[in-house]
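Visitor:
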Amino acid sequence: MISIADTVNLSPKQKAAILLVSLPTEVSTQVFREFPPEVVKSLSAEIAKLPPISQDVKDSVIKEFFQSTDMGAIAEKPIVSAFDEVLDRRGLSEEERPRAGGKPLDFLKRVDPHQILAIIRREHPQTIALIISHLHPPQASRILAELAPHVQTEVARRIAEIGKIAPEILTDVEQVLETRLYGLMEGRDYETDSKDALVEILSQADRSTEQKIMSGLTQKSPNLANQMKEQMCEFSDLEKLDESSLTQVLRITDIRDLVLALKGASPKLGEKIYSCMSPDAAKALKEDVEQLGRPDWEQVKGAQQQIRNNLRGLVTIGKVRL
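The opening position of the sequence shown corresponds to residue 30 in this note's numbering, with each subsequent residue numbered one higher.
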């Protein structure tokens with residue numbers, strides 16, 4: 030693990046890699062898009078080589094970055110203080126612990142918003158919307174304020190459109206959040222697995238950025254590239270799922286994303302998805318797809334990416350196996 034004592038010996042490239050894995054995924058992805066190909070390849074390889082990183086080191090690198098830029102005094106205080114608040118070490122009292130027999134996600138109403146943000150900020154907007162919709166309004170508004178602008182818009186739209194949620198889905202979400210929250214309290218979330226961080230970044234990246242990074246990794250470190258491929262999911266991987274697993278993915282997928290994604294899906298995958306639905310639901314979905322016309326291809330790719338992220342999330346928590 031890289032500790033605070035090692036910070037002075039870090040190279041500029043290592044610090045850049047640590048900074049990228051410390052930032053929210055959507056920010057890191059946007060930064061990668063601005064880099065030339067040779068820099069993307071170099072930094073991707075550096076990120077993948079990083080050992081676990083203590084939170085003290087991440088805070089130090091972030092602080093140094095702001096001090097070394099023109100943002101300095103303006104940007105440093107709010108950003109660093111936000112990290113401090115999110116990662117403040119504090120345990121849950123008995124009153125704050127989940128209570129048996131309560132409604133799913135009720136325990137979050139007794140948790141600080143910054144701690145909630147720390148465990149959900151990399152989730153799909155649909156998942157964030159589901160969680161936020163079960164919080165007290167003051168908590169929800171504070172969390173929304175901390176999200177990236179484009180994520181705020183998506184989350185707000187999805188909150189307004191949330192219908193009745195199956196209890197088993199809420200229970201699954203609650204179990205995952207409890208595990209993450211207790212991990213944060215015990216300090217387990219203070220370290221970053223560099224390969225997982227890179228997978229997160231690639232999962233949020235557009236297809237061209239992902240291909241550019243994977244191409245560079247394949248050239249520089251074939252073994253590492255193969256490891257990364259094993260951890261990542263593709264939209265086409267839906268074809269490999271059994272009916273039960275595919276149904277789980279569809280249950281957490283926004284219908285608008287599904288309609289768009291099907292415009293670019295293979296006939297085989299389309300039929301597999303329809304077969305997982307009731308006849309009436311499948312008929313309605315087919316009609317929506319047919320009536321959509323010819324959407325922009327970037328919208329189709331974006332929708333497929335969202336569903337891919339849903340799949341990866343279920344794979345990560347062990348609910349689905351490829």
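A virtual CB, placed ideally from N, CA and C, is assigned to each residue, including glycine.
Alpha carbons only, please: which of Gln59, Gly342, Ser57 is nearest the one belonging to Asp201?
Guide: Along the sequence shown, read from residue 1 onward, the residue named residue 201 stands at position 172. Cα-wise, what sits closest to Asp201 is Gly342.
Visitor: Looking at Val278: is its Cβ nearer than 8 Å to the Cβ of Asp317?
Guide: Counting from 1 along the sequence shown, the entry for residue 278 is found at position 249. Counting from 1 along the sequence shown, the entry for residue 317 is found at position 288. Their beta carbons are not under 8 Å apart, which means Val278 does not touch Asp317 by this criterion.
Visitor: Is Ile284 close to chain C? Criterion is C-beta to C-beta, closer than 8 Å.
Guide: This model lacks chain C altogether; it includes just one protein chain.
Visitor: Please classify Asn339: is it buried, with 16 or more other beta-carbons within 10 angstroms of its beta-carbon, or exposed?
Guide: Residue numbering aside, residue 339 sits at position 310 when the sequence shown is read from its first letter. Label assigned to Asn339: buried.
Visitor: Which whole-angstrom value describes the C-beta separation of Ala46 and Leu79, a residue pair presumed to lie in contact below a C-beta threshold of 8 Å?
Guide: Walking along the sequence shown from the start, residue 46 turns up at place 17. Walking along the sequence shown from the start, residue 79 turns up at place 50. For a cut-off of 8 Å, the C-beta gap from Ala46 to Leu79 is around 6 Å, short enough to register as a contact.
Visitor: Starting from the Cα of Val140, find the closest Cα among Lys193, Leu206, Lys87, Asp88 and give me that residue.
Guide: On the sequence shown, residue 140 is found 111 positions in, with the first residue counted as 1. That would be Leu206, whose Cα lies nearest to the Cα of Val140.
Visitor: With hydrogens ignored, establish whether the beta-carbon of Pro142 is closer than 7 Å to any heavy atom of the ligand PLP.
Guide: Questions concerning the ligand PLP fall outside what the structure shown contains, since it holds no ligand whatsoever.
Visitor: Within a Cβ cutoff of 6 Å, which residues of the same chain sit near Glu215, ignoring the five residues on either side of it in sequence?
Guide: Here residue 215 refers to the residue found at position 186 of the sequence shown. Residue confidence is low: Glu215 scores 45 on pLDDT, short of 50, so the model does not pin down where it sits. Its coordinate-derived value is still stated next. Cβ neighbours of Glu215 within its own chain (closer than 6 Å, five residues either side excluded): none.
Visitor: Would you tell me roughly how many angstroms separate the C-alpha atoms of Gly299 and Ala290, rounded to the nearest one?
Guide: Sequence index remark: in the sequence shown, residue 299 carries index 270 (1-based). Sequence index remark: in the sequence shown, residue 290 carries index 261 (1-based). Distance between the alpha carbons of Gly299 and Ala290: 10 Å.
Visitor: When you compare the CB positions of Val184 and Leu199, do they come within less than 8 Å of one another, or not?
Guide: Taking the sequence shown and counting its residues from 1, one reaches residue 184 at position 155. Taking the sequence shown and counting its residues from 1, one reaches residue 199 at position 170. Their beta carbons are not under 8 Å apart, which means Val184 does not touch Leu199 by this criterion.
Visitor: To the nearest angstrom, how far is it from the Cα of Val344 to the Cα of Phe264?
Guide: Numbered from its first residue, the sequence shown carries residue 344 at position 315. Numbered from its first residue, the sequence shown carries residue 264 at position 235. Going from the Cα of Val344 to the Cα of Phe264 covers about 13 Å.
Visitor: Buried or exposed: where does Thr182 fall if 16 or more other Cβ atoms within 10 Å of its Cβ makes it buried?
Guide: Walking along the sequence shown from the start, residue 182 turns up at place 153. Flag for Thr182 reads exposed.
Visitor: Take every Cβ of the region 66-86, pair it with every Cβ of the region 236-256, and state whether three or more of those distances are shorter than 8 Å.
Guide: Cβ pair count under 8 Å is three or more, so yes.
Visitor: Could you check where the alpha helix (DSSP H) with His143 kicks off and where it finishes?
Guide: Residue numbering aside, residue 143 sits at position 114 when the sequence shown is read from its first letter. 142-149 is the extent of the alpha helix (DSSP H) around His143.
Visitor: Thinking Thr36 and Val86 are a contact (beta carbons under 8 Å), I'd like their distance in whole angstroms, please.
Guide: Start at 1 with the first residue of the sequence shown, and residue 36 comes out as number 7. Start at 1 with the first residue of the sequence shown, and residue 86 comes out as number 57. Right, the Cβ-Cβ distance comes to about 6 Å (below 8 Å), so this counts as a contact.
Visitor: For Arg139, does the three-state DSSP call read helix, strand or coil?
Guide: For this step, residue 139 is matched to residue 110 along the sequence shown. Helix.
Visitor: Could you give the DSSP three-state label for Ser162: helix, strand or coil?
Guide: Indexing the sequence shown from 1 puts residue 162 at position 133. Reduced to three states, the DSSP call for Ser162 is coil.
Visitor: Closest by CA to His143, which one among Ala332, Gln168, His153, Ser162?
Guide: Reading the sequence shown from its first residue, position 114 is the one you call residue 143. Comparing Cα-Cα distances from His143 to each of Ala332, Gln168, His153, Ser162, the minimum goes to Gln168.
Visitor: For Leu52, does the three-state DSSP call read helix, strand or coil?
Guide: Here the question's residue 52 lines up with position 23 in the sequence shown. Three-state result, Leu52: coil.
Visitor: Does the beta-carbon of Leu134 have 16 or more other beta-carbons within 10 angstroms, so that it is buried, or is it exposed?
Guide: If you number the sequence shown from 1, residue 134 lands on position 105. Counting Cβ neighbours within 10 Å, Leu134 comes out buried, since at least 16 surround it.
Visitor: Taking the alpha carbon of Ile160 as the reference point, which residue from Pro178, Tyr303, Ile191 has its own alpha carbon closest?
Guide: The sequence position of residue 160 within the sequence shown is 131, counting from 1. Nearest of Pro178, Tyr303, Ile191 to Ile160, Cα basis: Ile191.
Visitor: Enumerate in chain order the residues of its own chain whose CB-to-CB distance from Glu239 is below 6 Å, with the five nearest sequence positions on each side excluded.
Guide: By 1-based counting over the sequence shown, the position of residue 239 is 210. Leu231, listed in sequence order.
Visitor: Work out the CA separation of Asn38 and Ser250 for me, nearest whole Å.
Guide: As a position in the sequence shown, residue 250 is number 221, starting the count at 1. As a position in the sequence shown, residue 38 is number 9, starting the count at 1. One C-alpha to the other measures close to 24 Å.
Visitor: Ignore the nearest five residues each way along the sequence and tell me which others in Ile149's own chain have a CB closer than 6 Å to its CB.
Guide: As a first step, residue 149 is located in the sequence shown; it is residue number 120 there, counting from the start. Closer than 6 Å at Cβ, skipping near neighbours: Ile157, Ile160.
Visitor: I need the DSSP call for Gly120, collapsed to helix, strand or coil.
Guide: Indexing the sequence shown from 1 puts residue 120 at position 91. Only weak support exists for where Gly120 lies, its pLDDT of 41 falling under 50; the value from the coordinates is given anyway. Note: Gly120 maps to coil in three-state DSSP.
Visitor: In the structure shown, what three-state DSSP assignment does Asp283 receive?
Guide: For the purposes of this step, residue 283 is identified with residue 254 of the sequence shown, where counting begins at 1. In this structure, Asp283 counts as coil in the three-state DSSP scheme.
Visitor: When the distance is taken between beta carbons, is Lys301 closer than 8 Å to Leu321?
Guide: Position 292 of the sequence shown, counted from the start, is the residue given in the question as residue 321. Position 272 of the sequence shown, counted from the start, is the residue given in the question as residue 301. No, the Cβ-Cβ distance between Leu321 and Lys301 is not below 8 Å.
Visitor: Rounded to the nearest angstrom, how far is the Cβ of Ile188 from that of Ser162, given a contact under 8 Å?
Guide: By one-based count along the sequence shown, residue 188 stands at place 159. By one-based count along the sequence shown, residue 162 stands at place 133. Confirmed, about 5 Å.
Visitor: For Thr276, which option in Ala195, Pro324, Gln204, Leu253 has the closest C-alpha, if you only look at C-alpha atoms?
Guide: Locating residue 276 in the sequence shown gives position 247, where the first residue counts as 1. Of the listed residues, the one whose Cα sits closest to Thr276 is Ala195.
Visitor: Using the rule of at least 16 other Cβ atoms within 10 Å of the residue's Cβ for burial, across every protein chain shown, is Gln204 buried or exposed?
Guide: The count along the sequence shown starts at 1 and reaches residue 204 at position 175. It counts as exposed.
Visitor: Compare the beta carbon distance of Asp266 and Gln335 with 8 Å and say whether it is the shorter of the two.
Guide: On the sequence shown, residue 266 is found 237 positions in, with the first residue counted as 1. On the sequence shown, residue 335 is found 306 positions in, with the first residue counted as 1. Going by C-beta atoms, Asp266 is not nearer than 8 Å to Gln335.
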